[in-house]
Amino acid sequence: MTNANYSLYQPANTFVFASKSKMDKDTDVVIAGVPFDLATSGRPGARFAPTAIRQASANLGWEQRRHPWKFSLRRKLKIADVGDVNFSHGDAPGAMQAVREHIGKVMDLGAIPFTFGGDHLVTLPVLQAMVAKRGPVALLHFDAHTDDYSGGSEFDHGSVFYHAREQGLLLDGKVMQLGIRTDHSSKTPFEVIPAEQLWYAKAVDIAERIKQTMGDAPVYLTFDIDCIDPAFAPGTGTPVIGGISPHFILELLRQLQGLNFVGMDVVEVCPAYDHSQITSLLAATLATDMLYLLASQK
Ligand SMILES: [Mn+2]
Numbered sequence: 001m002t003n004a005n006y007s008l009y010q011p012a013n014t015f016v017f018a019s020k021s022k023m024d025k026d027t028d029v030v031i032a033g034v035p036f037d038l039a040t041s042g043r044p045g046a047r048f049a050p051t052a053i054r055q056a057s058a059n060l061g062w063e064q065r066r067h068p069w070k071f072s073l074r075r076k077l078k079i080a081d082v083g084d085v086n087f088s089h090g091d092a093p094g095a096m097q098a099v100r101e102h103i104g105k106v107m108d109l110g111a112i113p114f115t116f117g118g119d120h121l122v123t124l125p126v127l128q129a130m131v132a133k134r135g136p137v138a139l140l141h142f143d144a145h146t147d148d149y150s151g152g153s154e155f156d157h158g159s160v161f162y163h164a165r166e167q168g169l170l171l172d173g174k175v176m177q178l179g180i181r182t183d184h185s186s187k188t189p190f191e192v193i194p195a196e197q198l199w200y201a202k203a204v205d206i207a208e209r210i211k212q213t214m215g216d217a218p219v220y221l222t223f224d225i226d227c228i229d230p231a232f233a234p235g236t237g238t239p240v241i242g243g244i245s246p247h248f249i250l251e252l253l254r255q256l257q258g259l260n261f262v263g264m265d266v267v268e269v270c271p272a273y274d275h276s277q278i279t280s281l282l283a284a285t286l287a288t289d290m291l292y293l294l295a296s297q298k
């Protein structure tokens, strides 16, 4: 295939839509992996996800503009994939600090951070560093679990949003959790839309509800791949049956144009439990559509 937008060499192991490997003042979005899974309660291995997602993204690059979007991502967004955040394995506090330093750099450039986990704990230092620069954010959280368990330490992937709220990182009344299908408190301060309310819903109706709650607030989107049913996403640490289908999520994401997204992540892919790379490809595809969402707000 001859195409002017293709360079002869794709940097090895880089997310396919990234046009550069260093961030600078022109960068719109900075992708980084956080190969961290010490906070996992179930099956470990999410530290291998950033590499797996990037590898799977090789299947997506050939489309000049991804169906059904009407523009080319590469023409609208300058995306840097800076690689993986560096830290000593085994040093959870050090890893969290490294993520905060990374996000601080991204924020100083005025770019939007896009993080590939890692387990869900990586979202906490991202939010801490982001909020330190710009104030609390709204949260749009896709997951099978609420991750707001109050009994976990600050290094527990099941307590991330308990600590985020305790630390004042989240805007009151603007936290939505979608796809939940595990036990959670009826007194939760968050707006929960459980999986069974999504099974037969129309994406357009759910998108409308999200837009009403979020308004023009700065929104951080965090996507735990276990929100999707394990039939489609087996490669994850704590799978739960009865999840959402990829086509519903794709349609829903595309309906969210107009929200003010300030950061995004995809977490909890666990390649050791994957088959035929389907979970990694799903994560890479969702990440691509999320990047198109960011491009559409430009
Ligand atoms: Mn989860």
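Numbering-wise, the sequence shown is residues 1 to 298 according to full-length UniProt numbering. Glycine is no exception: its CB is placed at the ideal position from the N, C-alpha and C atoms.
Check whether the Cβ atoms of residue i and residue j sit closer than 8 Å, and answer yes or no.
i, j, result
"R48", "A95", "The amino acid occupying residue 48 in the given sequence is Phe; Arg does not appear at that position. No, Cβ-Cβ distance for F48 and A95 is not below 8 Å."
"V192", "T146", "yes"
"V267", "A287", "no"
"P194", "G45", "no"
"V126", "P136", "no"
"I228", "I244", "yes"
"M176", "L121", "no"
"A203", "Q255", "yes"
Per DSSP, residue i forms a beta bridge with which residues?
i, result
"G151", "None, per the DSSP bridge assignment."
"T115", "A32, D265"
"Q177", "H141, V192"
"P93", "DSSP output for P93 lists no bridge partner at all."
"D224", "V267"
"P218", "N260"
"I53", "Partner(s): none; I53 has no beta bridge."
Quick one: residues in its chain with C-beta nearer than 6 Å to the C-beta of residue i, no 5 flanking neighbours on either side, listed in chain order?
i, result
"F155", "A39, A92"
"T2", "With a pLDDT of 47 at T2, under the threshold of 50, the predicted position of this residue should be treated as unreliable, and no value is reported."
"A52", "P271, S280"
Considering only the alpha carbon of each residue, which of the options lies closest to residue i?
i, options, result
"G33", "L294, V269, T285", "V269"
"A170", "S153, F190, H184", "Reading the sequence as shown, one finds Leu at residue 170 and not Ala. Of the listed residues, the one whose Cα sits closest to L170 is F190."
"L250", "L121, H67, G117, A56", "H67"
"F261", "K25, S296, G237", "S296"
"N59", "F17, C227, I206", "F17"
"Y273", "I225, E166, L256, R209", "I225"
"A144", "P230, Y9, G263", "P230"
"Q55", "V30, F116, H89, H120", "F116"
"T123", "T238, L221, H247, L253", "L221"
"A110", "G263, Y292, A283", "Going by the sequence as given, residue 110 is Gly instead of Ala. Of the candidates G263, Y292, A283, the one whose C-alpha sits nearest the C-alpha of G110 is G263."
Going by beta carbon distance, what residues of the same chain come within less than 8 Å of residue i, once the five residues before and after it are set aside?
i, result
"D172", "P189"
"S19", "R74, K78, I79, A80"
"H275", "P234, G235"
Counting only the same chain and skipping the five closest in sequence on each side, list residues whose C-beta sits under 7 Å from that of residue i.
i, result
"A98", "V85, N86, F87"
"G168", "P136"
"W199", "none"
Counting only C-beta atoms, is residue i closer than 8 Å to chain B at any point?
i, result
"S186", "Annotation note: the requested chain B is absent from the structure, which comprises a single protein chain."
Please specify which runs of the beta strand (DSSP E), each continuous and at least 3 residues long, are wholly inside the segment 66–91, giving them in chain order. 79–84
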